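*Asks:*
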Amino acid sequence: MKKIILVFLTFFLLAGCAEENTSRDSTTKPDQNSDIGTTAIEEDQQNPSQEAPESAENDSVDNSQVNRFNGNVMNVVDGDTMDIQFENGKEERVRLVLVDTPETKHPTKPVQPFGPEASAFTKEMLAGKNVQVELDVQERDQYGRILAYVYIDGKMFNELLLEKGLARVAVFPPNTRYVDEFYAIQKKAQEAKLGIWSIEDYVTDNGYIIQEETGENQSSTNTNIDCQNPIKGNINSKSEKIYHVPGGQYYDITKAEELFCTEQEAVNAGYRKSQR
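Per mature numbering (1 follows the signal peptide of the UniProt record, and there is no 0), the sequence shown runs over residues -18 to -1, 1 to 258.
In structure tokens form, the structure reads like this:
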């Protein structure tokens, strides 16, 4: 009988040890899994900080565009001046920077050659159009106008005026961002004698000049002739004698040193015919 009791006790003791070991094993496994999960979360939390430099770099690229603004051209004043309404609803007068077109509406200057052509081109290209406005170092001039590079369909309009020979490069520091590119474009138009470059001695570093008679020339001027639509003889700054016939491109704006009834008379007086 005692043997039977001992057998049963031994059996129960062994069963209890087995359950305890099983319980310990099952408790250890969740702890290990929890550690792995925690590590994964920590890695996920570290990833954003590792990507932060890339995000900062992207921000710097965006900041390079802070001087570009969208707007709509409401009115064209002349070849290089216009009124633009920006996205905030404010309308500003904008002056194209680094270029200068001949005058058409200057209070103290007459209409200059190729001024009307420049104005017409600007109206055709920009009036009522959506544009982008890029600022340089100095935002406004002394008149309160915004100084800008204006883009239409991805092309800078300042450059288009230079390409067509409808403007000259006009440098007013500190706004000189594209001055080298502009001079290169101007050189091509000048070599091709486009627009303003087709008139001898018309374009200077200080603007546009139409030669007028001087006191010395006035003393030898022969304007007492009796014929209709006389030929105009003009002496330019290089002392070249050039005559202009009625209907010529610059006849109406030319100030005559001498007048002639025939071209032969002008040739005999030492003048050559204008190329335009």
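We treat Cβ as the ideally placed atom computed from N, Cα and C, and that holds for glycine.
This one's a predicted model, so the numbers in the text were calculated from it and none came from an experiment.
Leaving aside the five residues before and after Asn211 along the sequence, list all residues of the same chain whose C-beta is less than 7 Å from its C-beta, in chain order.
*Replies:* Result list for Asn211: Pro228, in chain order.
*Asks:* Select from Lys220, Leu241, Gly252, Leu142 the residue whose C-alpha is nearest the C-alpha of Ile213.
*Replies:* Answer by Cα proximity: Leu241.
*Asks:* By the DSSP assignment, the alpha helix (DSSP H) with Tyr253 in it spans what residues?
*Replies:* Here Tyr253 belongs to no alpha helix (DSSP H), and DSSP marks it neither H nor E.
*Asks:* Does DSSP classify Gln67 as helix, strand or coil?
*Replies:* Three-state result, Gln67: strand.
*Asks:* Near Cys209, which residues of its chain fall below 7 Å by C-beta distance, leaving aside the five closest residues on each side in sequence?
*Replies:* So the list reads Cys243, once near-sequence residues are dropped.
*Asks:* Classify Gln246 as helix, strand or coil using the three-state DSSP reduction.
*Replies:* If DSSP states are grouped into helix, strand and coil, Gln246 belongs with the helices.
*Asks:* Please report how far the alpha carbon of Tyr160 lies from the alpha carbon of Gln124, in whole angstroms.
*Replies:* About 21 Å.
*Asks:* Hey, is the segment 99 to 113 in contact with the segment 50 to 65, meaning 3+ C-beta pairs nearer than 8 Å?
*Replies:* Output reads yes: the segment 50 to 65 touches the segment 99 to 113.
*Asks:* Identify, in the order they occur along the chain, each residue of the same chain with its Cβ nearer than 8 Å to the Cβ of Val113, setting aside the five sequence neighbours on each side.
*Replies:* So the list reads Asn52, Gly53, Asn54, Val55, Ile66, Val132, Tyr133, Ile134, Phe139, once near-sequence residues are dropped.
*Asks:* What is the rounded straight-line gap between the Cα of Arg150 and the Cα of Val185?
*Replies:* The straight-line gap from Cα to Cα measures roughly 8 Å.
*Asks:* Give the single residue among Ile224, Thr158, Gly189, Gly230 whose Cα lies nearest to the Cα of Ala251.
*Replies:* The shortest Cα separation from Ala251 among Ile224, Thr158, Gly189, Gly230 belongs to Ile224.
*Asks:* Go through the segment 105 to 144 residue by residue and report every complete run of the beta strand (DSSP E) that reaches 3 residues or more, in order.
*Replies:* Whole beta strand (DSSP E) segments, 3+ residues: 112 to 122, 128 to 134.
*Asks:* Per DSSP, what kind of secondary structure is Tyr225 in: helix, strand or coil?
*Replies:* In this structure, Tyr225 counts as strand in the three-state DSSP scheme.
*Asks:* Work out the CA separation of Ile192 and Val93 for me, nearest whole Å.
*Replies:* When rounded, the distance between both Cα atoms is 11 Å.
*Asks:* Could you tell me the distance, in whole angstroms, from the CA atom of residue 259 to the CA atom of Phe103?
*Replies:* Because the chain is modelled from -18 through 258, residue 259 falls outside the range shown and cannot be assessed.
*Asks:* What three-state label does DSSP hand Val93 in the structure shown?
*Replies:* Note: Val93 maps to coil in three-state DSSP.
*Asks:* Where does Asp162 sit, in a helix, a strand or coil, going by DSSP?
*Replies:* Of the three classes helix, strand and coil, the one that applies to Asp162 here is helix, per DSSP.
*Asks:* On a Cα-Cα basis, can you pick out the residue from Gly147, Lys87, Gly177 that is closest to Ile167?
*Replies:* Checking every option, the nearest Cα to that of Ile167 belongs to Gly147.
*Asks:* Excluding sequence positions up to five away, which residues of its chain have a Cβ less than 8 Å from the Cβ of Phe164?
*Replies:* So the qualifying residues of the chain are Leu80, Val81, Asn140, Glu141, Leu144, Val151.
*Asks:* Please state if the CB of Pro84 and the CB of Ala100 are separated by a distance shorter than 8 Å.
*Replies:* Closer than 8 Å, so yes.
*Asks:* Can you round the beta-carbon distance between Arg127 and Val58 to whole angstroms, since I take them to be within the 8 Å contact cut?
*Replies:* That belief does not hold up - the Cβ atoms of Arg127 and Val58 are roughly 14 Å apart, past 8 Å.
*Asks:* If I follow the unbroken beta strand (DSSP E) through Ile217, where does it start and stop?
*Replies:* 213 to 217 is the extent of the beta strand (DSSP E) around Ile217.
*Asks:* Would you mind sorting Asp234 into buried or exposed? The rule is 16 or more other CB atoms within 10 Å of its CB.
*Replies:* Counting Cβ neighbours within 10 Å, Asp234 comes out exposed, since fewer than 16 surround it.
*Asks:* Could you give the C-beta distance for Gly230 and Arg258, rounded to a whole number, given that I count them as a contact under 8 Å?
*Replies:* Gly230 to Arg258, Cβ: 7 Å. Contact.
*Asks:* Out of curiosity, what's the CA-to-CA distance linking Phe68 and Glu74?
*Replies:* Spanning the two alpha carbons is a distance of roughly 8 Å.
*Asks:* Does the distance from the CB of Ile217 to the CB of Pro95 come in under 8 Å?
*Replies:* No; because the gap between Cβ atoms is not below 8 Å, this pair is not in contact.
*Asks:* Within the continuous beta strand (DSSP E) that includes Asn57, where are the two ends?
*Replies:* Segment 50 to 60, the beta strand (DSSP E) holding Asn57.
*Asks:* Taking the alpha-carbon of Gly136 as reference, which of Gln120, Val115, Val119 has the nearest alpha-carbon?
*Replies:* Of Gln120, Val115, Val119, the residue nearest in Cα terms is Val115.
*Asks:* Excluding five sequence neighbours on each side, which residues of the same chain lie with their C-beta closer than 7 Å to the C-beta of Leu176?
*Replies:* Taken in chain order, the residues that qualify are Lys146, Gly147.
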